[in-house]
Amino acid sequence: MTDARRPLIAGNWKMNGSATFATELAQGVSVGAPGVLAELLVCPPSVLIPTVAAALNEGVALGGQDCHAAESGAHTGENSAEMLKDAGCGYVIVGHSERRTDHGETNEHVCAKAEAAHRAGLCAVICIGETDADRDTGKTLDVISAQLAGSVPAASNAANMVIAYEPVWAIGTGRTPTNDDVQEVHAHIRAVVKASRGDAAAAGVRLLYGGSMKPENAEGLLALADVDGGLIGGASLKAADFLAIAASCP
Ligand code: PEP
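Each residue of the sequence shown is one higher than the last, beginning at 50 in our numbering.
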């Protein structure tokens, strides 16, 4: 982490909560927000976004968990990036491994969604990460390179994208890579961004680690040179844990 990049601690609430739960969680995060230096972001289920928008204070950013690539039209059950923007979002997660696995999303789909986010004026949180089979066979960095090449729009820059490295095998499992492994992948991501988009993009883009981050392991992960925050699943559902992770940012 460097002074040039403000840490971002993002909560992916996934398909959890009710209006009451979401209101209480948003209020809990809001109460603690003034005490942390990191930028805080919460990404509730789309149906709860208006509820959370009403409960959050201005110090906490709001995001969607996914968007459709099209601006509008006959896409039953979907939300466009423009709709998220209209509902008060500044961010949208795209390419989460659960979308890639459960919905067959390819790098091309993810890139189109990130472009939609940019079109709507949202910052795209683009998720990438290897499977355990990839890691076991030494393919992690190749997989990461391919996902970056396919998922990141050409017009991406440090202002309109955040990249989240989430090893698939670490999500929701309680397992994490070693800190050295995380730093190796993050340094690789930054080098790929530098080669493809130049020094300013590489120096400014925020790289989040995601996968079983919790208060107990956050400090070591967030202290790594190329880790600029976290994408938090399970631990983002408790305001105290989410804020404790944020407070661990150097
Ligand atoms: C996630 O789903 O993005 C995630 C990181 O989940 P967890 O923190 O629960 O592993």
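Backbone N, C-alpha and C fix where the C-beta goes; we use that ideal spot for every residue, glycine too.
Please read all numbers here as calculations on a predicted model, not as lab measurements.
- For A110, the pairing in a beta bridge is given by DSSP as L90.
- For A68, the enclosing alpha helix (DSSP H) begins and ends at A68 to G81.
- Secondary-structure assignment with DSSP links C176 through a beta bridge to A213.
- As far as DSSP is concerned, H124 takes part in no beta bridge.
- For D183, the CB contacts under 6 Å within the same chain, skipping 5 residues up- and downstream, are T189 and V192 in chain order.
- When distances are taken from the beta-carbon of H145 to the heavy atoms of the ligand PEP, the shortest one is below 7 Å.
- Take N266, set aside five residues on each side of it, and the residues of its chain with a beta-carbon closer than 8 Å to its own are T225, in chain order.
- Linking G279 to A204 through their CA atoms gives a straight-line distance of about 24 Å.
- Secondary structure at N228: helix, using DSSP grouped into helix, strand and coil.
- Counting along the chain, N61 sits inside the beta strand (DSSP E) bounded by residues L57 to N61.
- In this structure the segment 252 to 264 lies against the segment 220 to 236, because at least three pairs of beta carbons, one per stretch, are closer than 8 Å.
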